[in-house]
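For the protein sequence lines, the chains are A and B, in the order given.
Using the working numbering, read the first sequence as starting at 1 and increasing by one per residue.
Using the working numbering, read the second sequence as starting at 1001 and increasing by one per residue.
For every residue, glycine included, the Cβ atom is placed at its ideal position computed from N, Cα and C.
Below is one structure, written out as structure tokens; comments come after it.
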Amino acid sequence: MFKTFALATVAAAAIAMPAIAETYKVGISAEPYPPFYQPDSQGNWSGWEIDFIKELCDRIDAECVVTPVAWEGIIPALNTGKIDMIIGSMGITPERAKQIAFSDKYYDTPTGVVALKTSDVQPTPEGVKGAYLGTQSGSIQENYVSQYFADSAADVRIYQTLDEELQDLSAGRIDAVVGDALAMQPFVDSDAGQACCEYRGAVENDPDVLGRGVGVGMRQDSTELLAKVNAAIADIRADGTYQKLSTPYFGDVDIFGE
Amino acid sequence: MPDIDIATPLAPASAKTMLHGLRGFFLPHRIAMALIALAALAAMIAYMDWSWLPAYLPRLWSGLGMTMIMLVASVGIGFLFALPLGLAQVAGPWPLRWMSLGFCTVVRGTPLLLQMWLFYFGLGSLFAQFPEIRESWAWPYLRQAWPYGLIALTVSFAAYEGEVMRGAFAGVPAGELEAARAFGMSRGKTFRRVWFPRALHRALPTLAGEIILQLKSTPLVATITVTDLYAVITRVRQSTFLTYEPLLFLVAVYLCLSGALTIFLRWMENRIPSGG
Chain A
1 MFKTFALATV AAAAIAMPAI AETYKVGISA EPYPPFYQPD SQGNWSGWEI
51 DFIKELCDRI DAECVVTPVA WEGIIPALNT GKIDMIIGSM GITPERAKQI
101 AFSDKYYDTP TGVVALKTSD VQPTPEGVKG AYLGTQSGSI QENYVSQYFA
151 DSAADVRIYQ TLDEELQDLS AGRIDAVVGD ALAMQPFVDS DAGQACCEYR
201 GAVENDPDVL GRGVGVGMRQ DSTELLAKVN AAIADIRADG TYQKLSTPYF
251 GDVDIFGE
Chain B
1001 MPDIDIATPL APASAKTMLH GLRGFFLPHR IAMALIALAA LAAMIAYMDW
1051 SWLPAYLPRL WSGLGMTMIM LVASVGIGFL FALPLGLAQV AGPWPLRWMS
1101 LGFCTVVRGT PLLLQMWLFY FGLGSLFAQF PEIRESWAWP YLRQAWPYGL
1151 IALTVSFAAY EGEVMRGAFA GVPAGELEAA RAFGMSRGKT FRRVWFPRAL
1201 HRALPTLAGE IILQLKSTPL VATITVTDLY AVITRVRQST FLTYEPLLFL
1251 VAVYLCLSGA LTIFLRWMEN RIPSGG
């Protein structure tokens, strides 16, 4: 008797579930990526992309739980259902698009080179001749470096996090870092960055390697979610919310690109 | 023809024992387990995605080379340091004894990963601040990552083996050393002919295990940008988005390496006479 009752309750709860807001696990990289996302000392994540996630989830009537995942395993984590979306500055590349579905882009940033003031590194294959370059493991910049710069550079060091690369750059153990220009901006503006290094400009774009902006990653069968996310991104862009989100972090710089 | 008479009873007997030995080996459960293992291997090869392997083969080879260099060099150099570390704790004057005891305790009491990062991100960044070092001949080496990985692995191996050798030196019966002295051997000769060989033989089985452990510590160098085998596999995972295939490949390679090492070290052990 009790068993039947319990079963009925469970069944009723299961039916009632969809009425409540859907809960999605949103994957970001476990490594901080300021100013897009970084944890404070209590482990609470904040940053431009965290604000964006909140805004997006409000608009698709969903509860979102920010879930840090090791970057190299984030696509398998999505496809095996450990997370439901990737909103972690993931560039839309043809290689990744074979594995997962991408929304329209929600920001776009050039790949740039920050170099020691004492070096004469330029963001071209000839300009990095004989230089020690740093780049982040599993990033679109790593692919770009291995395709365009690896032959002329003296050595390419692959780091787990952007922080470590910039630390080694300011220590002078590498000559330049090839990375996301926006993500490197806080370092270039900092005292340590001002003292040692400067931004040498963006590399020549190759959309096949560097992608077509940054999009929300979803499983390929999440077509319904994809449509909702795309609509929400268009809304955020159209009603001025995007500007409101970006100004505290980037000032007048337009991070959406053209 | 006496030789036939001797040969005939021998031949079936030896065949019989061989057959018996084989039957002993091929027990039903062993056959079943071997078949399951073979089927699993065949399924992995047939149903999993190995198309990335040829393209990455050159990089995998150079990664394997780096792993082997790290292992062999850190074990070799580390053991050279372990001998005086062990000896000083057994027979050294007290300052040396306390220093080596302190060194072994500190290194063995802290994580290897932490030591490696202290060397690379700590010491390495410190070096870079001195123009004298930056302009010296050593800078092209000091700015690389592998020297720090090698130093950390070597220091760790030296500390663990220093402790092993301490026990081994202390465990050689005093009577044997007294007997050597009674034969008129000098202290140096006693060490070379009796103390060291007897201690080494005692330590060998432990050393063999520690070398396998050292092999499994080498992937830590990937965290300080050294491209060893593990780092190459990480790269494969990132660019192919595969999880199991590269990791299973890594499992197979490390298993083969530790298997080969075990056989080699067992062979070494058997070659060194026990002497007692």
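Start and end of the alpha helix (DSSP H) containing residue i?
i	result
VAL216 of chain A	Note, VAL216 of chain A: premise wrong, no alpha helix (DSSP H); beta strand (DSSP E) at 214-218.
ILE236 of chain A	223-238
PRO1289 of chain B	Missing from the structure shown is residue 1289 of chain B; chain B here goes from 1001 to 1276 and no further.
ILE1069 of chain B	1053-1091
GLN141 of chain A	140-144
PRO1095 of chain B	1094-1108
ILE1212 of chain B	1196-1217
PHE256 of chain A	No alpha helix (DSSP H) contains PHE256 of chain A, which DSSP labels as neither H nor E.
ALA1182 of chain B	1174-1182
GLY1124 of chain B	1124-1128
MET1116 of chain B	1112-1117
To the nearest angstrom, how far is the alpha carbon of residue i from that of residue j?
i	j	result
PRO1054 of chain B	ARG1097 of chain B	53 Å
LEU1064 of chain B	ASP1228 of chain B	6 Å
ALA1174 of chain B	ALA1082 of chain B	22 Å
THR1190 of chain B	PRO1093 of chain B	19 Å
GLU165 of chain A	THR93 of chain A	23 Å
PRO110 of chain A	GLY91 of chain A	11 Å
PRO1111 of chain B	ALA1145 of chain B	19 Å
ILE1151 of chain B	ASP61 of chain A	55 Å
LEU133 of chain A	THR223 of chain A	40 Å
CYS1000 of chain B	ILE1133 of chain B	Since the displayed chain B opens at 1001 and closes at 1276, residue 1000 of chain B lies outside it and no answer follows.
ASP254 of chain A	ILE53 of chain A	19 Å
ASN1270 of chain B	GLN1214 of chain B	22 Å
LEU1296 of chain B	LEU1041 of chain B	A question about residue 1296 of chain B goes unanswered here, because the residues of chain B that appear run from 1001 up to 1276.
ALA183 of chain A	SER41 of chain A	20 Å
ALA1182 of chain B	ALA1170 of chain B	20 Å
GLN1129 of chain B	ILE1272 of chain B	50 Å
ARG1193 of chain B	GLY1162 of chain B	20 Å
SER139 of chain A	ILE1263 of chain B	41 Å
LEU1114 of chain B	TYR148 of chain A	34 Å
VAL1221 of chain B	TYR1120 of chain B	10 Å
LEU1060 of chain B	PRO1219 of chain B	14 Å
ALA1011 of chain B	GLY1184 of chain B	With a pLDDT of 48 at ALA1011 of chain B, under the threshold of 50, the predicted position of this residue should be treated as unreliable, though the coordinate-derived value follows. Those two C-alpha atoms are separated by around 55 Å.
MET1268 of chain B	HIS1029 of chain B	33 Å
VAL214 of chain A	SER1217 of chain B	37 Å
ILE83 of chain A	ILE1212 of chain B	37 Å
GLN185 of chain A	ILE1045 of chain B	47 Å
GLY1086 of chain B	ALA1159 of chain B	9 Å
ALA1073 of chain B	ILE28 of chain A	39 Å
ALA21 of chain A	VAL1155 of chain B	56 Å
I need the DSSP call for residue i, collapsed to helix, strand or coil.
i	result
ALA183 of chain A	helix
THR247 of chain A	helix
GLN1238 of chain B	helix
ARG1143 of chain B	coil
MET1001 of chain B	With a pLDDT of only 45 at MET1001 of chain B, under 50, the local geometry of the prediction cannot be trusted, and no value is derived from it.
GLU1135 of chain B	coil
ILE86 of chain A	strand
ASN1270 of chain B	helix
THR1225 of chain B	coil
ASP252 of chain A	coil
VAL1190 of chain B	A quick correction: the sequence has Thr, not Val, at residue 1190 of chain B. Here THR1190 of chain B sits in helix by DSSP.
ILE60 of chain A	coil
GLY81 of chain A	coil
PRO123 of chain A	coil
Can you pull the DSSP bridge partners for residue i?
i	result
TRP45 of chain A	A:PRO39
VAL113 of chain A	A:VAL178
GLY91 of chain A	A:VAL214
VAL65 of chain A	A:LYS25
TYR260 of chain A	Nothing can be reported for residue 260 of chain A: it is not among the residues displayed for chain A, which extend from 1 to 258.
Would you mind stating whether residue i and residue j have Cβ atoms separated by less than 7 Å?
i	j	result
LEU1142 of chain B	PHE1157 of chain B	no
TRP1195 of chain B	VAL1232 of chain B	no
PHE36 of chain A	TRP48 of chain A	yes
VAL216 of chain A	SER103 of chain A	yes
VAL114 of chain A	TYR199 of chain A	yes
TRP1052 of chain B	THR1243 of chain B	no
GLY112 of chain A	ALA202 of chain A	yes
GLN136 of chain A	LEU162 of chain A	yes
TYR107 of chain A	CYS64 of chain A	no
LEU116 of chain A	ALA232 of chain A	no
Could you give the residue range of the beta strand (DSSP E) that holds residue i?
i	result
THR23 of chain A	22-29
ALA101 of chain A	101-107
ARG157 of chain A	155-159
GLU198 of chain A	197-202
GLN136 of chain A	132-136
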